[in-house]
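Start counting the sequence shown at 58; every next residue gets the next number (the working numbering).
All C-beta atoms in this analysis are idealised placements derived from N, C-alpha and C, irrespective of residue type, glycine included.
Structure record follows, encoded as structure tokens.
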Amino acid sequence: MEEWKNNIRRVTPYVAGEQPQETDMVKLNTNECPYPPSPEVEKVLKEVDVNQFRLYPDPEATQLVNALAEFYQVDSDMIFVGTGSDDVIANAFQTFFNSDKPILFPDITYSFYPVWADLYRVKYETPALDENFRIRPEDYEKENGGIIFPNPNAPTGLFEELDTIERIVKNNQKSIVIIDEAYIDFGGESALKLLPKYKNLLVVQTFSKSRSMAGMRIGFAIGNPELIQAMKDVKYSINSYTMSQVSIQTGAAAVRDRVYFDETRKKIMETREWTKKALAELGFTFPDSKANFIFATHEGWDIVDLFEYLRKKKIFVRHWNQPAIKHYMRITIGTDVEMTRLIEEIKQYKEKLCL
Ligand code: PMP
């Protein structure tokens, strides 16, 4: 009976944060940037020649790769681009995690990693973070088939200093270590600095947060040319044309506008810092985030109740119903106006609790 069903690959998919379509909402649930992309992006769009859509895009995305090479001062054969860092990381899983030994990533981290591991049938172990949500580098000093974690980590926002990263990369030269730097532009220091020393290191970044282009789907990896070539070989064995010509062109324009990039991330960091103070005054505690979000809890408060309350007020934040983090909610940093509205609503909530 319906034996064909036995051949279906069964997976439990990653659940992305919701994209509500409310008017007048404050959307602080998926770590997007509240500011528009660089004005240079709009200029490119205004000049797009639709006739070029007849043609396949450049599979090498040369324009974008060259802009990134210039920005990060690396050779262009050290760069791989894809449709968001999710695409880049999925490719890296397929390309690099092929050992019988388990790969390692922290127990509290980006919840997509176990999904890719299951999809590609890669064994994995999840060393526990310490009681302050810190990575213990000694946990990564065992036989493994590869290592991946975000820095700053998600959803905690905690940044690990480069000497911790270096210790992990250095002590694992038999495997590939991927540092997922989706949130690095908000005050952390990139592991790109370590690339000249370590051939087993791959750094992944995205345009979705600090470059305000989540909707364009642009991510990239930087590593030694041998790693990058291996990723390209896998990509060209699946689909060469993942990046649209428009993504390539607008992405390149965004990267070239360093001034706008620096202004945007500075604004986010300033807003984050005053929001931390305001949340602390209201009795919240949180790891000291270097990302564009704050992972906050409140002793004595029911976080799910607050989450629901905010939702009714059209303020969307993120909550995970997992034992280790169920008392926390992750709040993306929006504009000053949005964060003021959040704080005001939380004050109202507090008043209601006291009645
Ligand atoms: N890595 C981490 C740690 C993330 O939080 C995200 C965003 N969900 C991504 C990668 C993927 O982002 P994107 O595909 O938009 O580049």
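From the options, residue whose alpha carbon lies closest to that of residue i
| i | options | result |
| --- | --- | --- |
| Gly203 | Trp331, Ile233, Thr328 | Ile233 |
| Ser267 | Arg375, Phe364, Asn88 | Asn88 |
| Arg191 | Phe216, Lys292, Arg375 | Phe216 |
| Leu161 | Val68, Pro344, Gln151, Ala185 | Ala185 |
| Ser168 | Ala335, Ser269, Thr183 | Thr183 |
| Pro207 | Tyr197, Glu238, Tyr181, Gln230 | Glu238 |
| Leu339 | Met270, Ser95, Lys404, Tyr181 | Lys404 |
| Ile295 | Val101, Pro91, Gly139 | Gly139 |
| Ser280 | Lys292, Val291, Tyr255, Met270 | One point to set straight first is that residue 280 is Gly, not Ser, in the sequence displayed. The shortest C-alpha separation from Gly280 is found at Tyr255. |
| Asp81 | Pro194, Lys369, Ile65, Phe364 | Lys369 |
| Asn155 | Asp164, Glu320, Pro70, Lys180 | Lys180 |
| Asn378 | Lys371, Ile390, Ile65, Asp359 | Asp359 |
| Asn210 | Lys407, Arg387, Leu412 | Arg387 |
| Gln120 | Val101, Glu59, Leu367 | Val101 |
| Gly391 | Asp314, Leu258, Phe373 | Phe373 |
| Leu284 | Lys409, Thr342, Met135, Glu200 | Met135 |
| Glu408 | Asp393, Tyr366, His384 | Tyr366 |
| Thr166 | Met288, Val394, Ala381, Glu402 | Ala381 |
Neighbourhood of residue i by C-beta, 6 Å cutoff - its chain only, sequence neighbours within 5 removed
| i | result |
| --- | --- |
| Met396 | Thr328, Thr332 |
| Asn228 | Glu198 |
| Pro94 | Ser269, Met270, Ala311 |
| Asp242 | Ser267, Arg322 |
| Phe137 | Ala278, Ile285, Met288 |
Beta-carbon contacts of residue i that lie in its chain and below 8 Å, excluding the five residues immediately before and after
| i | result |
| --- | --- |
| Leu219 | Glu246, Ala248, Lys250, Leu251 |
| Asp132 | Ala126, Pro282 |
| Pro344 | Asn189, Phe190, Thr213, Gly214, Leu215, Phe352 |
| Arg315 | Phe128 |
Residue i: CB within 6 Å of a non-hydrogen atom of ligand 2
| i | result |
| --- | --- |
| Thr307 | Absence of ligand 2 is noted for the structure shown, with ligand 1 being the only ligands found. |
8 Å contact criterion, which residue i and residue j should meet: CB distance rounded
| i | j | result |
| --- | --- | --- |
| Tyr177 | Phe150 | 5 Å |
| Val261 | Ile222 | Not a contact, Cβ separation roughly 13 Å. |
| Pro253 | Ile225 | With a Cβ gap of about 17 Å, Pro253 and Ile225 do not count as contacting. |
| Phe364 | His376 | 5 Å |
| Asp143 | Gly276 | 7 Å |
| Val72 | Asp175 | That belief does not hold up - the Cβ atoms of Val72 and Asp175 are roughly 14 Å apart, past 8 Å. |
Contacts around residue i, its chain only, beta-carbon distance under 7 Å, and the 5 residues preceding and following it disregarded
| i | result |
| --- | --- |
| Met273 | Phe264, Ser304, Thr307, Gly308 |
| Leu112 | none |
CB contact check: residue i to chain C, cutoff 7 Å
| i | result |
| --- | --- |
| Gln130 | No chain C appears in the structure shown, which is made up of a single protein chain. |
ask   = In chain order, which beta strand (DSSP E) runs of at least 3 residues are fully inside the region 344–372?
value = 350–355
ask   = Quick one: complete beta strand (DSSP E) runs, 3+ long, within the region 193–279?
value = 204–207, 234–237, 258–263
ask   = Going along the chain, which unbroken runs of the beta strand (DSSP E) with 3 or more residues stay wholly within the region 271–329?
value = 276–280
task = With a cut-off of 5 Å, give the chain-ordered residues whose Cβ is closer than this to any heavy atom of ligand 1.
result = Gly141, Ser142, Asp143, Tyr167, Pro207, Ala211, Asp237, Ala239, Thr263, Ser265, Gly276
request  = Entirely within the region 93–158 and at least 4 residues each: give me those alpha helix (DSSP H) ranges in chain order.
outcome  = 96–103, 119–129, 141–153
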